[in-house]
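Counting from 1 along the sequence shown, just add 475 to a position and that's the residue number in our numbering. For reference, the structure is listed below as structure tokens.
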Amino acid sequence: MKRSFRTRLTELAIWVFAAIMSYPVFLVVNSSLKSHQELSLEPFSLVRSVTFEHYERVIQEAKIFLSFGNSVLVTVLTIALAIVLSAMISFSIYAGNQRFGRTIFMIMIASIMIPGQLGMLPLYKLASSLHLTNTYVGYCLITAASQLPFLVFLYVGFLGTISREIVEAAGLDGCSVYRLFGRIIMPLLKPITATAVILLTLGIWNDFLGPLLYLQDSSKQTVILMVFNYVHFYTKDWASIFPLIVLVMLPNLAVYLALQSYIVKGIASGALKG
476 MKRSFRTRLT
486 ELAIWVFAAI
496 MSYPVFLVVN
506 SSLKSHQELS
516 LEPFSLVRSV
526 TFEHYERVIQ
536 EAKIFLSFGN
546 SVLVTVLTIA
556 LAIVLSAMIS
566 FSIYAGNQRF
576 GRTIFMIMIA
586 SIMIPGQLGM
596 LPLYKLASSL
606 HLTNTYVGYC
616 LITAASQLPF
626 LVFLYVGFLG
636 TISREIVEAA
646 GLDGCSVYRL
656 FGRIIMPLLK
666 PITATAVILL
676 TLGIWNDFLG
686 PLLYLQDSSK
696 QTVILMVFNY
706 VHFYTKDWAS
716 IFPLIVLVML
726 PNLAVYLALQ
736 SYIVKGIASG
746 ALKG
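This is the structure we're talking about:
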């Protein structure tokens with residue numbers, strides 16, 4: 476069957492949009508492989524002579540391994556904490572008292588509408604009074620808590636596609652709540668969990684303001700703070716800045732490629748009864 480003109484036009488628009496969105500990434504990668512002279516004379520042309528000398532320089536000067544380790548640590552800890560807490564809250568809303576669960580759900584959804592900037596000062600004062608500033612624990616707790624409303628929204632929507640007969644049957648067979656959650660519910664939540672992991676990784680890895688407030692020690696700086704400081708000291712050395720940006724992008728790309736098969740399924744399923 477021949478495709479309609481509207482379908483072809485839509486596909487063309489999608490390809491054009493994808494090309495526009497991909498061009499900055501291509502430009503950064505292409506520029507990172509150029510020499511100083513080539514980048515200065517032909518900044519927008521295709522690379523003619525590939526060189527990796529700037530990557531070597533960045534790795535030696537930018538303390539990139541320390542910053543990568545810090546970012547991986549806070550990202551993994553925050554994601555684990557946020558996923559476990561949001562999944563447990565969502566399951567209690569789904570399987571518990573419906574009226575009470577609906578009230579809690581509406582309260583959490585309403586909190587999404589509150590700008591995060593309003594809570595910065597109170598949260599910082601609270602963290603400071605509890606001696607949680609400049610600690611990984613403080614940053615991970617605050618960041619995970621700030622993500623709970625959105626994650627609960629995703630999980631509750633996805634749980635709505637799961638039959639309650641599964642919970643009832645498990646209860647009749649003598650399955651405890653903890654075993655039901657860990658052995659039955661969590662495996663069913665894999666698609667939406669993968670989606671949540673991708674979104675959280677992007678948000679936490681690229682977070683600038685949070686580490687700036689709560690991880691002020693230079694030994695605890697994340698990759699985004701490292702890039703900020705490096706650009707501040709090497710403002711005119713774009714030949715070294717481009718490779719640094721490429722290295723920072725790689726983990727996000729790796730996580731997305733590893734979990735991309737789940738993301739569409741997770742979002743689509745969560746939207747059915749959300």
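All residues carry an ideal CB built from backbone N, CA and C; glycine is no exception.
Residues of the same chain with a CB within less than 6 Å of the CB of histidine 511, apart from the 5 flanking positions on each side, are Ala714 in chain order.
In the DSSP assignment, glutamine 691 falls outside any alpha helix (DSSP H), carrying neither H nor E. Residue Glu528 holds the alpha-carbon nearest to the alpha-carbon of proline 718 among Thr608, Lys538, Glu528. In this structure, leucine 556 keeps its C-beta atom at 8 Å or more from the C-beta atom of alanine 493. Classified as buried, lysine 509 has 16 or more neighbouring CB atoms from the shown chains inside 10 Å of its CB. Taking each of Leu548, Ile582, Leu502 in turn and checking the Cα distance to threonine 610, the smallest one comes out for Leu548. Serine 506 counts as buried, since no fewer than 16 other beta carbons sit within 10 angstroms of its beta carbon. For isoleucine 539, the secondary structure class from DSSP, reduced to helix, strand or coil, is helix. For glutamine 512, the uninterrupted alpha helix (DSSP H) run begins and ends at 511-516, by DSSP.
By the neighbour-count definition (other C-beta atoms within 10 Å, threshold 16), asparagine 572 is an exposed residue. Rounded to the nearest angstrom, the Cβ distance from alanine 570 to tyrosine 689 is 35 Å, too far for a contact under 8 Å. In this model, valine 698 and methionine 724 are separated by some 10 Å (Cα to Cα). Spanning the alpha carbons of leucine 623 and serine 497 requires a straight line of approximately 31 Å. Inter-residue distance for alanine 669 and leucine 516 is about 44 Å (C-alpha atoms, whole angstroms). Inter-residue distance for lysine 538 and isoleucine 568 is about 45 Å (C-alpha atoms, whole angstroms).
For proline 590, no alpha helix (DSSP H) run applies, since DSSP gives it neither H nor E. By alpha-carbon distance to leucine 674, the top candidate from Phe625, Leu521, Ile495 is Phe625. About 25 Å separates the CB atoms of serine 546 and valine 627; that is not less than 8 Å, and the two are not in contact. Relative to the Cα of isoleucine 558, the nearest Cα in the group Ala671, Ser524, Leu728 belongs to Ala671. Around the beta carbon of leucine 596, fewer than 16 other beta carbons sit within 10 angstroms, so the residue counts as exposed. Contact annotation: isoleucine 679 and threonine 550 have beta-carbon atoms nearer than 8 Å. The C-beta separation of valine 533 from leucine 722 comes to about 7 Å, placing the pair in contact by the 8 Å criterion.
Here DSSP, grouped into helix, strand and coil, assigns valine 706 to helix.
Here valine 631 is buried, its C-beta having at least 16 other C-beta atoms within 10 Å.
Taking the C-beta atoms as reference points, phenylalanine 683 is found no nearer than 8 Å to leucine 664. Note that the C-beta distance between leucine 598 and isoleucine 617 is below 8 Å. With a contact defined as Cβ atoms closer than 8 Å, valine 503 and isoleucine 659 miss out at about 45 Å. Counted as a single uninterrupted DSSP element, the alpha helix (DSSP H) harbouring phenylalanine 492 occupies residues 480-507. With contacts defined by Cβ atoms closer than 8 Å, asparagine 727 and leucine 687 do not form a contacting pair.
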